């Protein structure tokens, strides 16, 4: 009888662990398909697939994609909620912090935007646009000194982005730094001419 029970429990264990593995594989496959649909701009199909996944099954990446989809559909309130869900599941997910910061910047919640950009930078400090948008938020607060520093860091990580130099020139103008303004504006013009010549 003991052997029978042992065999029975082992049988049940392997059955249920197999189901669990199958469910994980199934979710992984769904997630790959959702990411592929989103990346190929099939937004409605991606959204429809996500809506078939229960909230309990969703991981941080699914919440993140859902947040991006809500932004794509111009629903920033839902987007912020979904991005916050992603961050709760993975607090060091820099992309979710960045996108949430963008929503706050758009809503003119500059302190909240700055906090999110700083968190994005904390978890991934070498992405130029995190610094650039941080600079934009500081600029909106008329904190030109910190805006200048952020734009300079953005340039460090992407020295070929003309807009970074333009904003740096504007900030330097606000700070009365005429020489730096002129230098940044010249770099902006040279990058724009170079871009036009390559078209």
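In our numbering, the protein residues as written are 1100 to 1298. Glycine included, each C-beta is placed from N, C-alpha and C at the ideal position. The structure displayed is predicted, hence computed values, not measured ones.
Coil, strand or helix - residue i by DSSP
i	result
residue 1143	helix
residue 1103	With a pLDDT of only 42 at residue 1103, under 50, the local geometry of the prediction cannot be trusted, and the value read off the model is given with reservation. Correct three-state label for residue 1103: helix.
residue 1242	coil
residue 1290	helix
residue 1207	coil
residue 1110	Confidence in residue 1110 is poor, its pLDDT being 45 and thus under 50, which makes the residue's placement too unreliable to answer from.
residue 1285	helix
residue 1191	coil
residue 1280	helix
residue 1217	helix
residue 1172	coil
residue 1151	coil
residue 1257	coil
Nearest-angstrom Cβ-Cβ length linking residue i and residue j, presumed shorter than 8 Å
i	j	result
residue 1164	residue 1137	5 Å
residue 1175	residue 1206	7 Å
residue 1267	residue 1281	The Cβ separation is near 11 Å, so there is no contact.
residue 1232	residue 1222	15 Å between Cβ atoms; not a contact.
residue 1263	residue 1284	With a Cβ gap of about 12 Å, residue 1263 and residue 1284 do not count as contacting.
Extent of the continuous alpha helix (DSSP H) run through residue i
i	result
residue 1176	1175 to 1188
residue 1226	Element bounds for residue 1226: n/a, residue is neither H nor E.
residue 1263	1261 to 1273
residue 1158	Counting along the chain, residue 1158 falls outside any alpha helix (DSSP H), and DSSP gives it neither H nor E.
Reference residue i; option with closest CA among the options
i	options	result
residue 1256	1208, 1225, 1234, 1153	1225
residue 1195	1232, 1183, 1264	1183
residue 1239	1259, 1203, 1260	1203
residue 1152	1219, 1142, 1127, 1235	1127
residue 1134	1193, 1186, 1160, 1229	1160
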